[in-house]
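Only one structure is covered here, and it is reproduced in the block below.
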Amino acid sequence: MKTDIGDSRPRPRWKQWLIKQLDLTSHCTEDLMADLQRANDNNLLPGETVGMLQGVLEFGALQVRDIMVPRSQINFIYHEDTFTQILARIAETEHSRYPVVDEDRDDLVGVLLAKDLLKYTGHEGDFHIDDIIRPALIVPESQRLNRLLTEFRRTRNHMAVVIDEYSGISGLVTFEDVLEQIVGEIDDEHDDEEDVSTNVVPQGDGRFLVAAMTPIDEFNAIVGTGFATDEFDTIAGIVINHLGKIPRQGEEVTLSGWLFRIVNSDSRRILQMEVLPVTENSYSAEVPAL
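Residue numbers (UniProt numbering): 1 to 290.
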């Protein structure tokens, strides 16, 4: 008798928990989200796992218009640009892919990959933009993200140009943008360079607005604290560890004489916090400091 090998493999712990804890035949998406949040609150599953599961549940309801980069923020390359002009644009913006348009920005010619210019180094006179322009993946604003992900995988594209109901360019969306809806924000080396100077912003009255992913040593240097760096890399890691969950907007915790108030968060991560010295007017339940 033929045996299904797949049936003999043990299920991952998170899947076992879901099958045991949830009545999947009777719960709606909102109930599943609430159950996952309770699992996170009770430390039944790692926060990262809960965040990705919640991201998957939300994923199918999102459309391209919900995550696209709007037209006003797109860095276009024009079909008539010279090799030197294109290099200057790439050096300024540091992207790897660019929509190529004619003088009318709604007249899409294709997509240019920065790496395709390398072969012309030292041979600029041989450059013809039409030789390296690639076909663009074009999607409507209303397309669901799960379908877009399938299109990215099928065509092996990493960027799509988004059009509105009148076939005009309304934005663009990348493979990374789609993945971030499941796994959370993905920072690259350029993100780090741009964000370093704005991670911790003094407000002039003793308060600081702090990006959740601020490295602990950077936070210590600016705020004057002495949080340890041996267990966690970011200030958000310390806050989540002490609370034992991913806090929601408005929640507070006191650490080493400083009040951390969540200003912005979602179901998967903290985004921004307000930090201020603890006074009689800024009381929060004291949590043991590091």
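We put the CB at the ideal spot given by N, CA and C, even for glycine.
Start-to-end residues for the beta strand (DSSP E) that takes in residue i
i      : result
ALA211 : 208-211
ASN264 : 258-265
THR254 : 252-255
Cβ-based neighbour list, residue i, same chain, cut-off 7 Å, excluding 5 preceding and 5 following
i      : result
GLY226 : ASN220
THR174 : HIS158, MET159
LEU149 : VAL178
Nearest-angstrom beta carbon gap, residue j and residue i [assumed within contact, 8 Å]
i      : j      : result
ILE238 : LEU255 : 7 Å
VAL169 : VAL161 : Residue identity differs from the one stated: residue 169 is Ile in this sequence, not Val. Sure, about 6 Å apart at Cβ, within 8 Å.
Rounded straight-line distance, which links the Cα of residue j to that of residue i
i      : j      : result
ARG134 : GLN143 : 22 Å
ASP164 : ILE67  : 14 Å
GLY110 : ALA136 : 5 Å
VAL139 : GLU151 : 9 Å
LYS245 : ASN199 : 22 Å
ALA211 : GLN63  : 27 Å
ARG248 : LEU271 : 10 Å
LEU201 : VAL253 : The amino acid at residue 201 is misidentified as Leu; the sequence shows Val. VAL201 and VAL253: Cα-Cα distance of roughly 20 Å.
VAL223 : GLN73  : 33 Å
ARG269 : ARG156 : 29 Å
ALA91  : ASN264 : 33 Å
VAL100 : ARG261 : 44 Å
GLN203 : TYR166 : 45 Å
Beta-bridge partners of residue i, as assigned by DSSP
i           : result
PRO202      : PHE208
SER96       : Per DSSP, none; premise fails for SER96.
residue 294 : Absent from the model: residue 294. The displayed extent of the chain is 1 to 290, so no value can be given.
THR274      : The residue asked about is misnamed: residue 274 is Glu in this sequence, not Thr. LEU209, ARG261, per the DSSP bridge assignment.
ALA70       : At residue 70 the sequence reads Pro, which differs from the Ala that was named. The partner list for PRO70 (beta bridge, DSSP) reads GLY171.
GLY110      : VAL100
VAL161      : ILE138, LEU172
ILE77       : VAL100
Host alpha helix (DSSP H) of residue i (start-end)
i      : result
GLY237 : 235-243
ALA221 : 216-223
VAL64  : 64-67
ARG153 : 145-155
Beta-carbon proximity list for residue i, same chain, < 8 Å, skipping 5 on both sides
i      : result
ARG89  : ASN75, ILE77, ASP81, TYR98
TYR120 : PHE83, ASP126, PHE127
HIS95  : ASN75, ALA114
GLU124 : PHE83, THR84
Cβ shell of residue i (< 6 Å), same chain only, five flanking positions each side left out
i      : result
VAL69  : GLY171, LEU172
ASP192 : Unreliable placement is indicated for ASP192, whose pLDDT of 48 sits below 50; no coordinate value is reported for it.
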